[in-house]
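Under full-length UniProt numbering, read the sequence shown as residues 1 to 396, first letter to last.
Where a beta carbon is used, it is the ideal one built from N, C-alpha and C, also for glycine.
Keep in mind that this is a model prediction, so the values were computed, not measured.
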Amino acid sequence: MLSVADAFSITQQHLLTLPAETVLLTEATGRTLREAVRADRDFPPFNRVAMDGIGIQFSTYATGQRIFPVAGRQLAGQPQQTLTDAGACLEVMTGAILPDGIDTVVRYEDITVTDGQATVTISGIELGQHIHRQAVDRRAGDELLPVGTRLDPSAIAVAASVGQATLSVTVLPRVALISTGDELVDVDETPLPYQIRRSNTYMLRASLLTMGISATLHHIIDDEAVLADRLASLLETNDVLILSGGVSAGKADFVPAVLTQLGVQKQFHQIAQRPGKPLWFGTTADKTVFALPGNPVSTVLCAYRYVLPYLRASLGLAPAPPRYAQLATPVTFKPAVTYFLPVRLTSEPDGRMLAHPLPGSGSADFANLLAADAFMELPADQSSFGAGEAFRVWGN
Ligand SMILES: Nc1nc2c(c(=O)[nH]1)N[C@H]1C(S)=C(S)[C@@H](COP(=O)(O)OP(=O)(O)OC[C@H]3O[C@@H](n4cnc5c(N)ncnc54)[C@H](O)[C@@H]3O)O[C@H]1N2
Ligand code: MOO
Ligand SMILES: [Mg+2]
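See below:
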């Protein structure tokens, strides 16, 4: 059976090709940048006063002079002034352009000002102190935000500072989330004794919202003809279909057969993993279908391990850096498949990230996920996992 690594790499070989669009800076949060943002000026754009105080010429201070008549004031937002008398000083404010003729700033805390005379009260003033030099942070033309940046609040601030009122970002894919199964009723309905409320598609919707994707919700009963009809129309109007349920060995598990009948090319069905073994993945020329196993823990795991990384890569986002943790207590798992162990992560005072196993009662026990915040990926070729051993963890 297919390994987790091979299944993952097959999904990544079939990424969506999404166009770019231009959006307002105020609408760009969370989106993926498609054109690099560059510095339009130096950062900072001028020699910038970094402390409130006085500006002096260091050579005068170096002669031993400690009292400087205040000849004027340079505020932030004013054009550059000039210190004409090398023996005097100007009051200068944080954020102001450094006046011509000044090369050193002394803080108000380190002077006293009486009768228009500033007296330096400390020793050890250094040439050039408290000046944020033009271009020390970035030069005009430098790339500030590369293509593939997720526009988080600090990226938005950088874009604003260089005058990007609009940004080029990747168009969000149209995603339909489809639950299947006659046993499922909607959240606002009261289930009969043999029914349950659907939750998987709500979980998926919440998960995709964290990437800025607002997916639509659909439900289809266990009827082959109805399934074929509804999936055909959803395929026309979406880039990605994510189904839940109907992919295993049951007599009403019609999903793989119907997708094949609709011309969706199966790329794989079943992975050597637990939970989530029956995952089905297929593509057409420009669409992608993930058919996730119905058990809720499988749905969550398949979303974290395959679907979210797939969508991130399709958007052009750099992959999230891998996260690792150490097992807090030993675990045994005999079957020769990758085991995704639900864990609670804690950050320890010595800097370690510990994973506390929460095996729960299997892949239908989704209440267990309330306490878990990630899955630890335990390799297929090992069956005993010791406390302190580190493995990769996957979360939202
Ligand atoms: N003979 C075999 N039986 C099963 C196998 C197998 O290999 N051989 N695999 C098991 C595994 S593993 C899983 S996981 C499930 C997968 O089942 P399906 O994908 O076919 O899903 P369903 O049969 O439709 O439902 C399974 C289970 O999940 C609940 N479910 C489904 N959709 C939702 C939803 N939207 N919200 C909440 N819960 C949902 C459903 O009620 C069922 O309890 O098959 C095993 N069987
Ligand atoms: O995907 Mo199934 O969880 O292994 O029950
Ligand atoms: Mg089934």
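query                                                                                                                                                                      : result
Within a Cβ cutoff of 7 Å, which residues of the same chain sit near residue 207, ignoring the five residues on either side of it in sequence?                             : 303, 308, 396
Using the beta carbon as the reference atom, which residues fall closer than 7 Å to any heavy atom of ligand 2, ordered along the chain?                                   : 274, 275, 276, 277, 278, 293, 295, 297, 298, 362, 363, 364
Just checking, does the segment 54 to 64 make contact with the segment 99 to 106 on the three C-beta pairs under 8 Å criterion?                                            : yes
For residue 376, list the residues DSSP reports as bridge partners.                                                                                                        : 341, 393
If we ignore side chains and look at the alpha-carbon of each, how far apart do residue 382 and residue 356 end up?                                                        : 19 Å
Rounding to the nearest angstrom, what Cα-Cα distance links residue 299 and residue 39 in this structure?                                                                  : 43 Å
Anyone know if the C-beta pair for residue 213 and residue 292 falls short of 8 Å?                                                                                         : no
So, is residue 91 buried or exposed, given that buried needs 16 or more other C-beta atoms within 10 angstroms?                                                            : buried
Would you kindly work out how many angstroms separate the C-alpha atoms of residue 283 and residue 233, rounded to a whole number?                                         : 16 Å
Quick check: what's the CA-CA separation for residue 294 versus residue 349?                                                                                               : 39 Å
With DSSP run on the structure shown, which of helix, strand or coil describes residue 267?                                                                                : strand
Return the chain-ordered list of same chain residues with a C-beta closer than 6 Å to the C-beta of residue 405, the five sequence neighbours on each side being excluded. : Only positions 1 to 396 of the chain appear in this structure, which leaves residue 405 out of reach.
What is the residue span of the alpha helix (DSSP H) that residue 205 lies within?                                                                                         : 200 to 209
Can you tell me whether residue 316 is buried or exposed? The criterion is at least 16 other CB atoms within 10 Å of its CB, across all chains shown.                      : buried
Tell me the rounded alpha-carbon separation between residue 161 and residue 136.                                                                                           : 16 Å
Skipping 5 residues on each side, what residues in its chain have a beta carbon closer than 7 Å to that of residue 314?                                                    : 15, 16, 18, 173
For residue 131, I'd like the list of residues in its chain whose CB is within less than 8 Å of its CB, leaving aside the five on either flank, ordered along the chain.   : 47, 48, 49, 50, 98, 103, 104, 105
Identify whether residue 256 lies in helix, strand or coil by the three-state DSSP scheme.                                                                                 : helix
Taking just the CA atoms, how far does residue 272 sit from residue 26?                                                                                                    : 45 Å
Compute the distance between the beta-carbons of residue 171 and residue 37, then report whether it is under 8 Å.                                                          : no
For residue 55, which beta-bridge partners are listed by DSSP?                                                                                                             : 90, 105
Less than 7 Å between the CB of residue 248 and some heavy atom of ligand 3, yes or no?                                                                                    : yes
On the DSSP bridge assignment, give the partners of residue 324 in chain order.                                                                                            : 392
Here's the rule: buried if 16 or more other CB atoms are within 10 angstroms of the residue's CB, otherwise exposed. What is residue 265?                                  : exposed
Looking only at its own chain, which residues have a Cβ that is under 8 Å from the Cβ of residue 269, when we skip the five neighbours before and after it?                : 247, 256, 278, 279, 280, 281
Could you check whether the Cβ of residue 253 sits closer than 7 Å to any heavy atom belonging to ligand 5?                                                                : Inclusion of ligand 5 in the displayed structure is not the case, the ligand content consisting of ligand 1, ligand 2 and ligand 3 alone.
Looking only at its chain, what residues have a beta carbon closer than 7 Å to the beta carbon of residue 75, apart from the 5 residues adjacent to it on each side?       : 93, 96
Go ahead and pull the three-state DSSP assignment for residue 73.                                                                                                          : strand
Is the separation between the beta-carbon of residue 310 and that of residue 13 shorter than 8 Å?                                                                          : no
Looking at residue 120 and residue 70, is the spacing between their C-beta atoms short of 8 Å?                                                                             : no
Would you say the beta carbon of residue 34 comes nearer than 7 Å to a heavy atom of ligand 1?                                                                             : no
Between residue 271 and ligand 1, is the CB less than 7 Å from at least one heavy atom?                                                                                    : no
Is it true that the CB of residue 327 sits closer than 8 Å to the CB of residue 389?                                                                                       : yes
At a threshold of 7 Å, does residue 196 count as lining ligand 1 (C-beta to nearest heavy atom)?                                                                           : yes
Using three-state DSSP, classify residue 190 as helix, strand or coil.                                                                                                     : coil
Please report how far the alpha carbon of residue 202 lies from the alpha carbon of residue 217, in whole angstroms.                                                       : 8 Å
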